[in-house]
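Reading through the C-alpha cells given below for one structure.
In C-alpha cells, the structure reads:
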C-alpha cells in the first residue's frame, strides 16, 4: 500500500522501517528533515509537509510526541486533513488525550476521511524486531482498510471496536497498569531489601507466582463478571495480610502508600459487610466510586 | 518421613493429602476432630493435641489461620514446642507476622528444635493438584531436612536464605503485590467500562502485553540494580500519559486513586530533575522514602 | 466609581448589591436578562453585552462559573476586552485556572487595559452581609485604582503582589485547604461515631483545640522558615500517635486514607533520620517532592 | 487532694508543677530519680515506686511515653494497681492505644479502683502556663472525684462520657487532625512558594479565612447531622476547583497527594449523583466506607 509516515522519533523510525521491510511504498515526513533522509535512497520518498505525505497515501500514520504535536501535523494548511484524499485513512498511533482523539474522529468524518486510533505497546527496540502490540479502534471499514499496515508493525493487533478513542483509553490504561506495577515493585523491593531477603530468590518467586497470564485472566474475568462468591480468598483474610505487611513496613521503616490504599479498600469491603467475598471485590468498590452499578 | 500436620482447614487438608500421596507417614491434629477423621483410615493417624502430633514427627507443619492460632498450637503444655524432639523441625506455613516468626525462631532455637518458615502461594484448589509454590526460610540444615516434605506440597520451592522471617516477608509482599494488581484492575476496568471498551478485547491486550514474565523480570532487575539510565521510557513522558489517564477518569467520572499515586511519583521524579530517567525510577523514590541510599 | 458587573449568579448578585449600597454607579450584565432586571430601577443600569457594560466603566468585575464562562464574556466582539477603555481595569473574581489568568493578564496588557485577579472567600450569604474576604493580585497601579471597589465587597482585602495569577493560586489553595479539613473531619467523625464519643463533646474539643489562629500561624511560620528544631513535638512521637489512630480505625473498621497519608509522611521523615525534628517537618517533605531546596 | 504523679518528662514535670501550685499534696515518681528531686524540697515528696506513689493518693496520674511505659508503671508488684486504695482513681494522661485503655478500665474495675483517661492537648510550654486542654472519660463518679485535679492542669476540661477509651479516641483523632493540617499546609506552601506568592500575604489570608472556629463548627455540625442540602457550595463546583489546584500543581511540578485524595472524594460524590449536595458530603463517603448508614 501507499503509506505516509509522519514522525520519525526513535519509535516512529523503527516503525517506518518495518513498513518498508514489509514492502509498503513509503513517503515520510519529519519536522527535522535530517532524520527523514536517513531513510531516503532506500526506496523511501521524503515529503515536504504532512499534507504532502498524506496526499498520495492510502494510509497515513502519525507517531509524534503529544497532543500539541498531533494538532500541528494534522490541522492547518499543511496538515494531514488538508492533504488526505476522501476515503483514505489517518492512523493516529501517538499516545494522546481522549478529548483530542474524539475531536479528530469528528474532523475526519466531516472530511469524508477515515480515522483510526492505533496506539502501540512496546519500546523502540521492540519495534525494531517487530514485537510491538497494536490496539486499533475505529469504524470497521477504515480499520479493515489499514490492517495490512497495522499487521506489519508488530506481532499482533487487537481490535477494540468502532470507537477510535476506545483504543486510546486502552493505551492510557495500559500505561497506568504498568506504572502501578512499578510503584508496587518499588515498595515491595524496598521492604525486602530492608528485611535482608536475597533479591535473586525474591525475583524467582515473582516470576513463578505473579507473572502468570492465567492468574491475571482469572482475576480480570471475576471482576468483569462482577461475581465475588464463592471466594477463592476472602477479603477479610486478605485484610489481615495487608495489615501484617503494613506492620512489617512500620517496624522496618518502609512507607508503603500503595499497601495502605489496598488495605483501605479491603477494610472498606469488610466494614460494609463484604468480608466473606473474594478479595477481588475491591474492584467493585472502584466501580461503585465511579457510580457504576452491578453488571 | 514421619510428618505431623496441624490445621486441616481447606488449605491444610489439601496439603495433608499431598503429603499422604507422596508416601509420608502422617499424624494430624485439628481443633475440631471431625475434619481429622476424614483422613483417618487412609493410613493417617489422628493426634489428640499439637504436642502429640509433634512428638513422634521428624517434621511438623502448622497451617492455621493467624498469629493467635499459631501461638495456640505452638506454645503451652499441649503445644508443638512441648512435644517436638530435639533436632526435629517445625515448619510454619501460616501467613503470620514478622514479629511472631522472629519469636518462634528464638523459642525453637532455645529448645534445640529446628524452625523453618515455609508459607505457600496458591489456593486450596491449587494445593489439591500440587500446584502450590513454597517459599522456605531458615537455617540451612533445618531446611535441608524438610525439603522432601516441602517438595511434596507443590510444584516448586524457593529458598530465601538462613532467616525464617524473610520467607514470611516474601509471602506478605506477594499478597500485597496481588492486592495492588486487583486495585489497579479495579480502576482500569471501571474506566474501560465507562469508555465502552469491549471487555474481551481489553482482556486480550492485558494478556498479550502485561502478563509477561520477561517484562516483570526486566523491571525488577532495573530496580534491584538501581540503574535508571539509559531510559527505555522516560519518567516525564510517562508522567504525561498518567496525566492523560487521570484526565480521562475526570471526564468520565472514574476516581483513580492509584493512578494519582503513580502520577505523583512520576511528578516528584520530574520535579527533582530525574524526568529523563527511566520511569522505573519511581521505585528509587520508594527506597528513598525508606531511608535507603543508592545500591 | 463607574463599575461594570458581569455575572449575577447568587454570589455575583450579592456582590453587586454591596457595590450599589456603597454608592458606586453600576451597569450590570447577565446571560439571562431576567436576573439583571431585579436590580434595575434601583439606580442600576442593564447592559446588552459584556462589552457594553465595560465601555463606560472605570472598573469591570466578572464573576462567572468557570474558565469557559470567563472566556465567553471577556473575549470576542461582545467581550470585556472589546469594550474596556485604555487604563480601565478588569477585575476577575471568578475561580479560574492559573493558565487562563496568565493569558488574560497578557491580553489586557497588550490592550493597555488593567487586569486584576480578585477572587473572594466566602459564600453568597457572607457576601450579602459584606463578610467576604478579597485576595487581590496585579500591577500596583491597577490594584490601587480598584481598591475602593474591592473594599466595598467584603470585610477586607489582602494584596498578594504584582502577579495577578498569584491571587488565583491563593484562592485554589484556600479551597484545597478547606477540602482537606472536610476530608479529615469525615474520617475523624466516622471514627468517633463508631467509638461512641458524644458529638457535642467532640465538637467542644475541636473548637477549643483546633480552630485557633495562633496554632495555625505558628505551624505556618515554622514551615515557611523551614526550621524544625528544636521540636515542640517530635516526628517519631507523632508517628506513634498516627499508628495508634490507624490501629483504632482498623479495630473499629474505619478506613482512614488521610491518616495513612500523614502516617507515611511521618514514617518517611523518621526513616530518613529526621525523627527528632518537629513533626511539621512533613511539610519539608512536600517541598522536597516539588524539588524545592531548603530556604 | 493527695495526688500521686508518675512520669516527669518535660510534659509531666510542667503538669506536676501546676498541681503543686494549685495546692495539691504531691508524691512523685520518675524512672530516673534525678528529675523527681528537682521537685523535692518544694513541698513535694518522692516515692520509690509507682505503687508507693499510688498508695496514699486519692488520685494518681500517669504521664509516660507509650503503651509499654504505661504497662510498666501500672501492672506488676510495684505498679499503680498494686498500690492504689479501693475507691481511689488512676488518671491516665498518656497518649495510648484504645486497646490498652480498655484493658486498664477492666483491670481497675476488678480491683474496685477508679480509672479515668484524661489525655491533654498542648505542649510542655503550654502546660507551664496552664494552657493545656484536658479531655476526660470514665465513670461519672470517678471523673467527679478527680475534677479538682484535672481543672488544675489547664484552661479547661471536656468530659466525653462514661467510657474512658472514648477520651483516648478523641486525643488520637485530635493529633490526626493536626497532622492533616500540617500535610495540607506542606502542599499548600510548596505550591505558593513555586507560584511566587508572598508568604506574609498568604499567612494573612490563612488567618482571616481558615482559622475560624465558626467555619469549623458549621462544617462539623453539617457532617454530624448528615444533612448536605441545601448546599452552601456544591460538590461539583468544588470538584472543579480541586481539579484546577491539581492542574496548577502539575504545571508548577508540585505533587499534591492530599489534594488528589480530596479530588477523588468529590469526584466520587459527583459520579454517584451527589454533585449538587454541599461539598461536605465527602464526609458521608468516609462514613459509608466505614459501613455507617445515614444518621
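Residue numbers (this note's numbering), protein chains in the order written: chain A, 1 to 295; chain B, 296 to 590; chain C, 591 to 885; chain D, 886 to 1180. Glycine included, every Cβ here is placed at the ideal spot set by N, Cα and C.
For the ligand GTP, is there any heavy atom lying closer than 6 Å to the beta carbon of residue i?
i              : result
residue 823(C) : Looking at this structure, you won't find the ligand GTP or any other ligand, since it has none at all.
Please name the residue, chosen from the options, that lies closest to residue i on a Cα-to-Cα basis.
i               : options                           : result
residue 764(C)  : 815(C), 710(C), 803(C), 753(C)    : 710(C)
residue 1127(D) : 1114(D), 915(D), 1141(D), 1117(D) : 1141(D)
residue 210(A)  : 502(B), 511(B), 500(B)            : 511(B)
residue 271(A)  : 839(C), 828(C), 826(C), 852(C)    : 839(C)
residue 843(C)  : 781(C), 794(C), 855(C)            : 781(C)
residue 106(A)  : 147(A), 154(A), 165(A)            : 165(A)
residue 100(A)  : 584(B), 539(B), 576(B)            : 539(B)
residue 705(C)  : 615(C), 675(C), 721(C)            : 675(C)
residue 1072(D) : 1098(D), 1146(D), 976(D), 916(D)  : 1146(D)
residue 750(C)  : 738(C), 742(C), 733(C), 741(C)    : 733(C)
residue 14(A)   : 113(A), 25(A), 126(A)             : 126(A)
residue 122(A)  : 133(A), 65(A), 37(A)              : 133(A)
residue 129(A)  : 52(A), 294(A), 17(A), 291(A)      : 17(A)
residue 513(B)  : 98(A), 291(A), 200(A)             : 200(A)
residue 855(C)  : 982(D), 1083(D), 1080(D), 1061(D) : 1061(D)
residue 588(B)  : 558(B), 546(B), 521(B)            : 521(B)
residue 346(B)  : 360(B), 334(B), 370(B)            : 370(B)
residue 1079(D) : 880(C), 819(C), 787(C), 693(C)    : 880(C)
Under DSSP, the beta strand (DSSP E) around residue i begins and ends at which residues?
i               : result
residue 636(C)  : 634 to 636
residue 946(D)  : 944 to 947
residue 1000(D) : 999 to 1002
residue 1041(D) : 1039 to 1046
residue 1021(D) : 1017 to 1022
residue 26(A)   : 25 to 29
residue 89(A)   : 89 to 92
Got a sec? Which residues, its chain only, sit under 6 Å from residue i by beta carbon, not counting five neighbours each side?
i               : result
residue 753(C)  : 727
residue 434(B)  : 457
residue 155(A)  : 131
residue 1108(D) : 1165, 1168
Output needed for residue i: all residues of its chain with C-beta closer than 7 Å, excluding positions within five of it in sequence on either side, in chain order.
i              : result
residue 171(A) : 95, 119, 135
residue 443(B) : 296
residue 858(C) : 875
residue 8(A)   : 16, 28, 30, 35, 36
Which residue comes first and which comes last in the alpha helix (DSSP H) that contains residue i?
i               : result
residue 891(D)  : It is not in any alpha helix (DSSP H) - residue 891(D) instead sits in the beta strand (DSSP E) that spans 887 to 891.
residue 344(B)  : Segment: none, residue 344(B) is in no alpha helix (DSSP H) and carries neither H nor E.
residue 500(B)  : 494 to 504
residue 313(A)  : Residue 313(A) is absent from the model: chain A starts at 1 and stops at 295.
residue 83(A)   : 80 to 83
residue 1067(D) : 1049 to 1079
residue 297(A)  : Past the edges of chain A, shown from 1 to 295, lies residue 297(A), and the structure says nothing about it.
Requested in this report: Could you please tell me which residues of the region 14 to 35 of chain A, in chain order, have their CB closer than 8 Å to any CB of chain C?
Outcome: none
Query raised in the report: If you measure beta-carbon to beta-carbon, which residues of the region 849 to 871 of chain C are closer than 7 Å to chain B?
Result: 858, 861, 862, 863
Query - Near-chain C residues of the region 1023 to 1042 of chain D (beta-carbon distance less than 7 Å), N- to C-terminal order - result: 1041
Report task. Identify each residue in the region 238 to 258 of chain A for which the Cβ-Cβ distance to at least one residue of chain B is less than 7 Å, and report them in chain order. Result -> 238, 240, 241, 242, 244, 245, 247, 248, 251, 253, 254, 255, 257, 258
Requested in this report: Taking a Cβ distance cut-off of 7 Å, strictly less, list which residues of the region 484 to 510 of chain B are near chain C, in chain order.
Outcome: none
Report task. Determine, using beta-carbon pairs with one atom in the region 45 to 58 of chain A and one in the region 494 to 502 of chain B, whether at least three such pairs fall under 8 Å. Result -> no
Query raised in the report: With contact counted as at least three CB pairs below 8 Å, one residue from each stretch, are the region 231 to 238 of chain A and the region 275 to 294 of chain A in contact?
Result: yes
Requested in this report: Give a yes or no on contact between the region 283 to 294 of chain A and the region 607 to 614 of chain C, applying the rule of three or more CB pairs nearer than 8 Å.
Outcome: no
Report task. Closer than 9 Å, Cβ to Cβ, to anything on chain B: give me those residues from the region 158 to 169 of chain A, in chain order. Result -> 158, 159, 160, 161, 163, 165, 166, 167, 168, 169
Requested in this report: Residues of the region 652 to 686 of chain C with a CB closer than 9 Å to any CB of chain D: list them in chain order, please.
Outcome: 655, 656, 657, 685, 686
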